[in-house]
Amino acid sequence: MNAHSQVHRTRVLGMLTVILGAALVLGGNLHGIAAPLSQGDAPSGAAGPGISLAPGAEAYRFVTLWGLRLPLRITFDFDGPGGVAVDPAGNIYVADTGHNRIEKFTADGRPATGWGSAGSGAGEFNSPEGIAVDAASHVYVVDWPNDRVQKFTAGGAFVAQWGSRGAAQGQFAGPRGIAVDQDGDVYVADTGNNRIQKFSANGTFIAAWGSYGQGEGQFQFPRNLAVDSDGYVYVVDPYNARIQKFTAEGAFVTMWGDLGTADGLFRFPRDIAIAQDGAIYVVDGNNDRIQVFTPDGEFVSKWGSSGAGDSQLDEPAGIAVAPDGSVYVADTGNNRIQKFSSDGVFLGVWGQASTGSTTTYYDSHGRPSYTVNAFGALLKRWTYDGVKLDRTLAYPTEPPAELHKQAVAAISADGEGQIHAAVTDLGDRCVQTFGTNGEWVSERCGGRPDSSPATLWALRSVATGPNNHVYIVDNYCLTPYNHQGWPMGTWTYFRVRQFDIAGIVVAEWSQPYSGDVSSAAAIAISQAGHVYLAIAEKHIIWRFNPDGTEISWGGEGTGDGQFSGPEGIAVAPDGSVYVADAGNHRVQKFTADGVYVAQWGSPGAGAGQFNGPRGITVDQDGAVYVTEAAGNRVQKFTAAGGFITQWGSAGTGEGEFSGPGGIAVDGDGYVYVLDSGNNRIQKFEPYEAGPTPTPTRTPTATPTRTPTVTPTRDPATMLKVYLPLVLRQ
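Heads up: the sequence shown is residues 1 to 729, going by my numbering.
As structure tokens, this is what we get:
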């Protein structure tokens, strides 16, 4: 049975690598489908809009899909946020301490509402820090200089308050932390009184425990606290550099920690949160890190370091865990909230990031209304006289802080059963690795190109070559200075780096661009080790040879061997080179040395026509697969350009695309498409299906009549159908 007819396969091959704006290339021993090309060199029809499938035509069916891990990036004007909480629906509440406000965000990161201003009245605040949400989504805020607790609805409507200055029951001295248990009882870290107080949901005093000191059950200005699902209370005791655990009634259970920087030690811990699985997350404030423990205080893991980059922290003060396990950290010194996975993988940020260009929107009277950054993130509001407003109005419907969606454009598969995807956005340059069914394996990210040998910057494309080595193209800028410190212009380089299967850089070379060139669009590796680059801005193909020599061909134009912004490149097992000539809406074929062989395609949506060909790959039998970014489909051809089949249309469903980019085929014939606009990878498999048999005629009541049976169609003429294969994560 050949690979086309093998619907169920057990061998898992192919690691995929994805990069923004690049092609999906398969290298090494994974090249594709091993079935004969039965359609010949003439277009014969395939599944698609306005195109019918002829008997014996091929198609693909959807198997699975999975999303890429793409961080949120939302610019928001925080001023030293000191606390964060999450409600049962996943909405995020931030105590924006310096602005004396509470800001609410939806679970997907969009600003929902906000309330509060400076003062001591109902709904006003004086440097709020501690914040908690109960099972009914009521929001509790400790307003520490006002020595009180305030309670609000999820939308910010004032409900109640209690507390005053003092040391009696129900009074406070600068309370900093608050938590709510599953029964709705409220626990307050009464910092200045060195005690914990417990109240009902309406503020009725229930109990208190603690005193000043270093012994069990004593505190030195308790900062915050959390309650687990069993009712145990965990208190952050910062000046004793420890965590103490109590029963719901205040009986001491255990404690852990001491002053230091080693695992399990603290330098001024500030907050604590508990996940549904019981994991304890502690904000180790002056160590600029998060530490994770078991409920008994056994160290599990840590993440974070000092700085302003992704996953770095500057005196963090608050933490919360969402129902889905996501961890939110109030990165106070950096004026932002960072989001992490349960194991510390960076997932997003809200706060004062680099904004780039800004746009101010005006009302119908020409008055400034609000200003957003290049990604639609809200930066500031304006009053009618043009003065910046302290966000005391409701958020506008358009545009709230939009998610900064990243896209990817290149993907590649190796022989180790993994898929590599290169992802790039503002601040993130990562190669994400998955199993062939989307299982998360790893991620390696980098910053500026001079930070480490393996750093990634402005990723463009990725390919897999011999020995399953991964080749990555990135672009970077270098500004030289003269002896007086004056800049001498900016040089833009592209760089190719070769990584072995352990992720170590084993080779690297770069080439400065001139003037109008800023990047290489795609990369492909031959079995002989030749590295081919499509340079879209220069309309050329560049080949680097193992011996260090190089050749190039092309130039701008519409003639044979000329290009208009080539976006994709692939090398066949026989060494032939195929180029997705995007601007000319065609595919061109060359010898390994760049000698023109053939071309096919024209503008349009028909079989063999193109609307922005982008990604291209070749399977082990020489069949050519092409994605169309504007056409939202995949077409398959013979090595000579004969149309075989097509699939896909615009949309977000299974087998639908939004600007598909890279494409790869593994050794078992599975096709992987980088669905860039939908930020996901879709997996497809070849499928054979015959036409529905004509039903046997039912005999009439006449006893002498023999039923007529339509003969079954010969399997050799049965229709082959390829449908989308989807993987969900």
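Ideal Cβ positions, reconstructed from N, Cα and C, are used throughout, including at glycine.
Taken atom to atom, the span from the alpha-carbon of A536 to that of E656 is near 27 Å. Secondary-structure assignment with DSSP links L533 through a beta bridge to I523, W542.
About 3 Å separates the CB atoms of N224 and G177; that is less than 8 Å, so the two are in contact. Comparing C-alpha distances from V186 to each of G82, N193, K198, G170 shows the shortest one belongs to K198.
Across the structure, P175 and G653 are spaced so that their CA atoms are roughly 51 Å apart. Counting every other CB atom within 10 Å of its CB across the protein chains shown gives T549 a total below 16, marking it as exposed. In the three-state scheme derived from DSSP, where H, G and I count as helix and E and B as strand, N224 is classed as strand.
DSSP, read as helix, strand or coil, puts T638 in coil. Residue state for G114 is assigned as strand, using DSSP reduced to three classes. By the neighbour-count definition (other C-beta atoms within 10 Å, threshold 16), W509 is an exposed residue. With the rule of 3 Cβ pairs closer than 8 Å, the segment 113-122 does not count as touching the segment 201-218. The criterion of a C-beta distance shorter than 7 Å is not satisfied by A201 and A273.
Using a Cβ distance threshold of 7 Å, A322 and G90 count as a contacting pair.
E567 is the residue among E567, P295, D79, W542 whose C-alpha sits nearest the C-alpha of G583. Where L259 is concerned, there is no enclosing beta strand (DSSP E), because DSSP gives it neither an H nor an E.
In this structure, Q599 lies away from Q609, with their beta-carbon atoms at least 7 Å apart. Residue nearest to I504 within the set I523, L533, V470, A135 is V470 (criterion: CA-CA distance).
Each residue's CA atom was taken as its position, placing N545 and G641 some 27 Å apart. Its chain contains D79, G80 as the residues whose beta carbon lies nearer than 7 Å to that of G98, once the 5 sequence neighbours on both sides are disregarded; these appear in chain order.
The beta-bridge partner set that DSSP reports for P686 consists of Y60. No residue range can be given for V345, since it is assigned to no beta strand (DSSP E) and is classified by DSSP as neither H nor E.
By the 16-neighbour rule on beta-carbons within 10 angstroms, P128 is buried. In this structure E298 is exposed. Its beta-carbon is surrounded by fewer than 16 other beta-carbon atoms within 10 angstroms. Among the bridge pairs identified by DSSP, P603 is matched with F610. Classified as exposed, S229 has fewer than 16 neighbouring CB atoms from the shown chains inside 10 Å of its CB. Between V665 and V673 a beta carbon distance of about 10 Å is seen, past the 8 Å cut, so the two are scored as non-contacting. Cβ-Cβ separation between V142 and Q161: approximately 11 Å, too far for a contact (criterion under 8 Å). Annotated as distal: G594 and W647, with beta-carbon spacing of 7 Å or more. Bounds of the beta strand (DSSP E) holding P269 are 269-274. In this structure, the beta-carbon distance from A524 to V571 falls below 7 Å. A straight line joining the alpha-carbon of I472 with that of F499 spans about 8 Å. In the three-state reduction of the DSSP assignment, S676 falls in the helix class, which pools H, G and I. Rounded to the nearest whole angstrom, the CA to CA distance from D621 to F346 is 41 Å.
Exclusion of the five residues before and after A132 leaves A85, Y140, I178, A179, V180 as the residues of its chain whose Cβ lies within less than 7 Å of its Cβ. When L259, A168, S311 are compared, the shortest CA-CA separation from D288 is found for S311. Membership of E103 in the beta strand (DSSP E) is indicated by the continuous run 101-105.
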